[in-house]
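Top to bottom, those sequences are chains A and B.
For the first sequence, the numbering used here assigns the number 1 to the initial residue and increments by one for each residue that follows.
For the second sequence, the numbering used here assigns the number 158 to the initial residue and increments by one for each residue that follows.
2 protein chains.
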Amino acid sequence: MARLSDIIEEFIKSLLQESEGQLELQRNELADYFECAPSQINYVLATRFSINHGYYIESRRGGGGYIRIVRLDVDKNDYMRYLLSEGIGSKISEQNAMQIIQRMAEQNYISEMTAFLMKSAISDKAIAIPAALKDNIRASILKSMITAIMTWEGKKV
Amino acid sequence: MARLSDIIEEFIKSLLQESEGQLELQRNELADYFECAPSQINYVLATRFSINHGYYIESRRGGGGYIRIVRLDVDKNDYMRYLLSEGIGSKISEQNAMQIIQRMAEQNYISEMTAFLMKSAISDKAIAIPAALKDNIRASILKSMITAIMTWEGKKV
DNA sequence: ATATAATTAAGGTCAAAGAAAGTCAAACAA
DNA sequence: TTGTTTGACTTTCTTTGACCTTAATTATAT
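In structure tokens form, the structure reads like this:
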């Protein structure tokens with residue numbers, strides 16, 4: 001039984017594809033369409049279209065209200081440089097790290113296979129140490145891998 | 158009378174056969190079917206479908222949750238299986254880890270690029286914690302990545 | 001005609017309920 | 001003793017609904 005939230009996520013992503021990364025929608029209309037509570041739309045946006053996921057949300061209430069979703073398409077190297085300098089601080093949660101890797105895959109900066117490998121390296125299970133240090137190690141490993149990816153590109157194989 | 162755990166094991170294996178090595182199931186559904194405690198499913202998975210047995214498990218909680226079981230390609234991955242079960246213990250030095258990765262690349266289990274990425278993840282620089290723990294974390298990250306590589310081949314994305 | 005009030009039409013928030021799976025230790029069986 | 005079975009409790013993720021805020025429109029009073 002596939003989750004409704006996933007279906008809505010896919011739906012929005014396909015709309016974004018058609019419209020070059022930017023779209024405006026009506027929350028109630030969409031909720032009507034999927035026969036769910038309007039707030040479920042907010043849930044989907046919050047859990048799958050956050051800034052970390054690479055999307056920007058803007059909305060307006062009242063008559064003629066709307067929700068605008070913009071996919072943030074950044075240049076690959078710019079994005080990675082940003083991650084290294086500010087995006088990933090000295091610590092990062094598993095969730096955030098997963099989202100960042102997922103975003104890199106969706107933007108085709110890395111292959112699905114590479115994303116899978118990276119996720120395995122920074123998973124909670126792989127980093128089995130006291131929570132206090134965990135997020136620090138994760139940040140440093142993730143940054144190290146991103147650096148490796150950037151380095152590799154600059155290399156003539 | 159055969160133990161229930163064995164019956165469940167056989168059942169799952171026959172499902173895997175039918176589905177080309179990959180399947181998704183509902184823990185409660187299965188427990189219902191065999192009229193046992195849900196946690197017995199976990200027991201079966203832990204004792205008969207571990208990574209050493211050649212299986213990879215992935216799961217998700219909450220509404221629409223599932224357990225996914227992927228059978229790893231045993232013949233093809235002899236060396237990697239050996240690494241997981243004995244080759245890499247609970248700790249490993251940076252040097253040894255680098256050598257193992259290098260060898261995997263030479264055997265064409267992974268690309269040069271993947272090797273480069275893996276090395277960056279297990280380097281001393283990436284794992285910046287007290288030496289006492291360092292080699293343990295390195296071992297667990299390396300094993301996690303090797304598992305990911307083995308899993309990837311059995312996975313239909 | 002203009003300022004104000006009421007109504008309607010959105011979207012936002014948050015907490016509770018529901019739907020899974022995970023853990024762990026105690027009881028039980030071989 | 002070792003491996004199995006069970007159940008109470010925990011954690012995670014999803015869905016729903018009641019209530020709140022904001023904006024636009026319409027009605028009313030001056």
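Think of the CB as a built atom: it goes at the ideal place given N, C-alpha and C, for glycine as much as any other residue.
Along the stretch 111-129 of chain A, where does the CB come closer than 9 Å to a CB of chain B? Name the residues. Of all residues in the stretch 111-129 of chain A, Glu112, Met113, Thr114, Phe116, Leu117, Met118, Lys119, Ser120, Ala121, Ile122, Ser123, Lys125, Ala126, Ile127, Ala128 and Ile129 have a Cβ within less than 9 Å of some Cβ in chain B.
Going along the chain, which residues of its own chain have a beta-carbon closer than 7 Å to the beta-carbon of Leu229 (chain B), five neighbours each way excluded? Taking the first residue of the second sequence as position 1, residue 229 (chain B) is located at position 72. Within the same chain, Leu229 (chain B) has close Cβ partners Gly211, Tyr212, Tyr213, Met307, Thr308 and Gly311.
Can at least three beta-carbon pairs, one atom from the stretch 127-143 of chain A and one from the stretch 293-306 of chain B, be found at a separation below 8 Å? Three or more Cβ pairs closer than 8 Å define a contact, and the stretch 127-143 of chain A meets that threshold against the stretch 293-306 of chain B.
Starting from the N-terminal side, write out each stretch of the alpha helix (DSSP H) that is 4 residues or longer and does not extend beyond the stretch 50-106 of chain A. 76-82 and 94-106, all fully within the stretch 50-106 of chain A.
Among A:Glu106, A:Gly89, A:Val44 and A:Glu58, whose alpha-carbon lies nearest the alpha-carbon of Glu74 (chain A)? To locate residue 74 (chain A), count along the first sequence from 1; it is residue 74. The question names Glu, yet the displayed sequence has Val at residue 74 (chain A). Of all alpha-carbon atoms in A:Glu106, A:Gly89, A:Val44 and A:Glu58, the one lying nearest the alpha-carbon of Val74 (chain A) is that of A:Glu106.
Once the 5 residues before and after Gly178 (chain B) are set aside, which same chain residues still bring their CB inside 7 Å of it? To locate residue 178 (chain B), count along the second sequence from 1; it is residue 21. These residues qualify, in order along the chain: Val227, Arg228 and Gly311.
Pro130 (chain A) versus Pro195 (chain B) - alpha carbon distance: Residue 130 (chain A) sits at position 130 when you count from the first residue of the first sequence. Residue 195 (chain B) sits at position 38 when you count from the first residue of the second sequence. Straight-line measurement puts the Cα of Pro195 (chain B) at about 29 Å from the Cα of Pro130 (chain A).
Decide if Tyr79 (chain A) is buried, meaning its Cβ has at least 16 other Cβ atoms within 10 Å, or exposed. If you number the first sequence from 1, residue 79 (chain A) lands on position 79. Using a 10 angstroms sphere on the CB of Tyr79 (chain A), the tally of other CB atoms reaches 16 or more, which defines it as buried.
Quick check on Arg260 (chain B): buried or exposed, where buried means 16 or more other Cβ atoms within 10 Å of its Cβ? In the second sequence, residue 260 (chain B) corresponds to position 103, counting from 1. In summary, Arg260 (chain B) is exposed, with fewer than 16 beta-carbon neighbours lying within 10 Å of its beta-carbon over all protein chains present.
Going by the beta-carbon positions, is the gap between Met118 (chain A) and Leu133 (chain A) smaller than 9 Å? Stepping through the first sequence from its first residue, residue 118 (chain A) is reached at position 118. Stepping through the first sequence from its first residue, residue 133 (chain A) is reached at position 133. No; because the gap between Cβ atoms is not below 9 Å, this pair is not in contact.
Inter-residue Cα distance where the pair is Ile316 (chain B) and Ile198 (chain B): The structure shown does not extend to residue 316 (chain B), since chain B spans only 158 to 314, so no value can be given for it.
When Cβ atoms are compared, which residues of the stretch 197-230 of chain B fall closer than 7 Å to chain A? Correct list: Gly220 and Gly221.
Would you mind listing the beta strand (DSSP E) stretches within the stretch 171-212 of chain B that are 3+ residues and don't spill past its ends, in chain order? Runs of the beta strand (DSSP E) inside the stretch 171-212 of chain B: 179-182.
Would Gln17 (chain A) be called buried (16 or more neighbouring beta carbons within 10 Å of its own) or exposed? Here residue 17 (chain A) corresponds to residue number 17 of the first sequence, with the count starting at 1. By the neighbour-count rule (16 or more Cβ atoms within 10 Å), Gln17 (chain A) is not buried but exposed.
Which chain A residues sit within Cβ distance under 7 Å of Met302 (chain B)? Here residue 302 (chain B) refers to the residue found at position 145 when the second sequence is read from its first residue. What Met302 (chain B) touches in chain A: Leu117, Ser120 and Ala121.
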